[in-house]
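Student:
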Amino acid sequence: MPETLPEGEGVVEDTVQSEETTETEDSETESGDDDDEETEDEDETLGGFIVKDEVEDDEATDNEVDPEENPVGSGSSGAKSAKKGKKAQKPKKDRKVKGKVKDAKPKLSLAELKKQGQRNIAAKKKYLRRLQRTWISSAKIEKTMELMREIVAREDGPKTIIFSQWTSLLDLLEVPISKEGWGYRRYDGSMSSRARNDAVEDFGDRRKDIKVMLVSLKAGNAGLNLTMASQVIILDPFWNPFIEEQAIDRAHRIGQQHTVEVHRILVEETVEDRIVELQEKKRALISQALDEKASQSIGRLGVQELAYLFGITANPNQAVVQGQRS
Numbered sequence: 001m002p003e004t005l006p007e008g009e010g011v012v013e014d015t016v017q018s019e020e021t022t023e024t025e026d027s028e029t030e031s032g033d034d035d036d037e038e039t040e041d042e043d044e045t046l047g048g049f050i051v052k053d054e055v056e057d058d059e060a061t062d063n064e065v066d067p068e069e070n071p072v073g074s075g076s077s078g079a080k081s082a083k084k085g086k087k088a089q090k091p092k093k094d095r096k097v098k099g100k101v102k103d104a105k106p107k108l109s110l111a112e113l114k115k116q117g118q119r120n121i122a123a124k125k126k127y128l129r130r131l132q133r134t135w136i137s138s139a140k141i142e143k144t145m146e147l148m149r150e151i152v153a154r155e156d157g158p159k160t161i162i163f164s165q166w167t168s169l170l171d172l173l174e175v176p177i178s179k180e181g182w183g184y185r186r187y188d189g190s191m192s193s194r195a196r197n198d199a200v201e202d203f204g205d206r207r208k209d210i211k212v213m214l215v216s217l218k219a220g221n222a223g224l225n226l227t228m229a230s231q232v233i234i235l236d237p238f239w240n241p242f243i244e245e246q247a248i249d250r251a252h253r254i255g256q257q258h259t260v261e262v263h264r265i266l267v268e269e270t271v272e273d274r275i276v277e278l279q280e281k282k283r284a285l286i287s288q289a290l291d292e293k294a295s296q297s298i299g300r301l302g303v304q305e306l307a308y309l310f311g312i313t314a315n316p317n318q319a320v321v322q323g324q325r326s
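For the record, in the sequence shown the residue sitting at position 146 is 146 according to UniProt numbering, with numbers rising by one throughout.
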């Protein structure tokens with residue numbers, strides 16, 4: 001005979017079974033959702049999760065007014081706040097600040113100003129103004145100015161030609177000459193032919209107040225007639241002594257009515273000492289080779305030295321092979 005169960009026990013089992021069934025259905029539902037998500041992103045590009053931003057939404061968000069920052073009744077409206085927000089969004093480069101240059105040009109160096117000054121007069125004046133502000137004297141310039149003061153103080157007031165192979169040194173010499181108030185002209189390769197002709201005419205009879213001519217050694221060592229000057233100053237020695245002699249001949253030539261004085265400004269214990277020694281060797285070599293009165297001493301000059309002198313060999317000690325006829 002079957003046992004009779006107490007009342008309520010069968011109900012409990014049914015309830016437990018129903019709860020288990022519900023949990024099973026929920027888990028199946030969740031797994032189905034996961035399957036759907038995996039199906040939607042099969043390519044694994046996360047394309048379904050990307051949300052595009054709208055420009056209007058961003059602007060609306062930026063222009064929104066925080067009620068805590070701008071409470072109603074504080075005297076500011078939402079429209080004014082929106083205008084302020086738009087102004088704040090403008091880039092700083094559009095704002096104009098008083099007293100500041102928007103795009104300042106870089107400051108040019110002295111060498112760059114000099115290069116520009118060779119093309120136009122305005123840049124030349126700017127270069128000279130900068131040179132005057134940064135000018136520093138030297139022993140060579142001080143000695144030259146001392147000599148110039150002595151020449152200018154003479155009764156006859158002779159004119160002076162100053163030669164240098166460095167145009168930058170002539171630039172530096174312009175500063176103290178301008179301060180002394182002496183009239184001068186410049187002659188170098190950077191000037192046009194018309195400007196150089198005008199400088200020579202001003203240094204001549206056209207301008208009596210022009211007493212000094214600053215000449216580049218390479219540009220003015222030939223082709224000029226400057227017999228109106230009787231004083232010549234060589235600021236620095238050149239390795240070829242005959243270039244200097246040609247420069248001196250600009251004043252010491254036919255038509256000169258006065259004694260020509262040549263002054264050389266040298267600095268001891270520098271490279272200029274070696275240049276002077278090289279000049280003396282070249283003069284001695286040329287005088288032995290070409291002087292007709294020194295015919296007896298020509299035999300002392302070997303074949304190698306003569307070949308080097310006339311450019312046949314690059315080394316004075318290199319032997320010269322004479323061709324033999326068969």
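The beta-carbon is built from N, C-alpha and C at its ideal position, and this holds for glycine as well.
#1: Report the start-end ranges of each alpha helix (DSSP H) in the UniProt domain "Helicase C-terminal" (140–294) that is 4 residues or longer and not cut off at the edges.
#2: Within 10 angstroms of the Cβ of V215, are there 16 or more other Cβ atoms? Answer buried if so, exposed if not.
#3: Select from S230, Q256, G220 the residue whose C-alpha is nearest the C-alpha of E244.
#4: Between E272 and D249, which are expected to be in contact by the criterion C-beta below 8 Å, what is the C-beta distance as a whole number of angstroms?
#5: Which residue marks the beginning of the alpha helix (DSSP H) containing I121, and which one marks its end?
#6: Using the Cβ count rule (16 or more neighbours within 10 Å means buried), how would you classify T259?
#7: Do D205 and M228 have their C-beta atoms closer together than 9 Å?
#8: Does DSSP classify L108 as helix, strand or coil?
#9: How many angstroms separate the CA atom of V212 from the CA atom of V303?
#10: To the nearest angstrom, report how far apart E174 and R119 are at their CA atoms.
#11: How long is the line joining the alpha carbons of L108 and A222, rounded to whole angstroms?
#12: Do you know offhand how far Q165's Cα is from A247's?
#13: Below 6 Å CB to CB, which residues in the same chain sit around M145 once its five sequence neighbours on both sides are set aside?
#14: For D188 versus T167, is the C-beta spacing smaller than 9 Å?
#15: Please report the Cβ distance between L147 and K126, rounded to the nearest whole angstrom; I am assuming they are in contact, meaning their Cβ atoms lie under 8 Å.
#16: Who are the Cβ neighbours of V262 in its own chain at under 6 Å, not counting the five residues just before and after it?
#17: Within 10 Å of its beta-carbon, does K159 have 16 or more other beta-carbons around it, so buried, or fewer, so exposed?
#18: For Q279 and S138, what's the separation of their Cα atoms in angstroms?
#19: Looking only at its chain, what residues have a beta carbon closer than 6 Å to the beta carbon of Q132, apart from the 5 residues adjacent to it on each side?
#20: Just how far apart, CA to CA, sit N225 and A251?
Tutor: According to the structure shown:
#1: 167–180, 193–201, 241–248, 271–290
#2: By the neighbour-count definition (other C-beta atoms within 10 Å, threshold 16), V215 is a buried residue.
#3: G220
#4: That pair is no contact at about 22 Å.
#5: Per DSSP, the unbroken alpha helix (DSSP H) holding I121 starts and ends at 121–134.
#6: exposed
#7: Yes, these two residues count as a Cβ contact at 9 Å.
#8: coil
#9: 47 Å
#10: 19 Å
#11: 35 Å
#12: When only Cα atoms are considered, Q165 and A247 end up about 11 Å apart.
#13: P176
#14: yes
#15: That pair is no contact at about 30 Å.
#16: V232, I248
#17: buried
#18: 25 Å
#19: V175
#20: In this structure, the alpha-carbon of N225 lies about 7 Å from that of A251.
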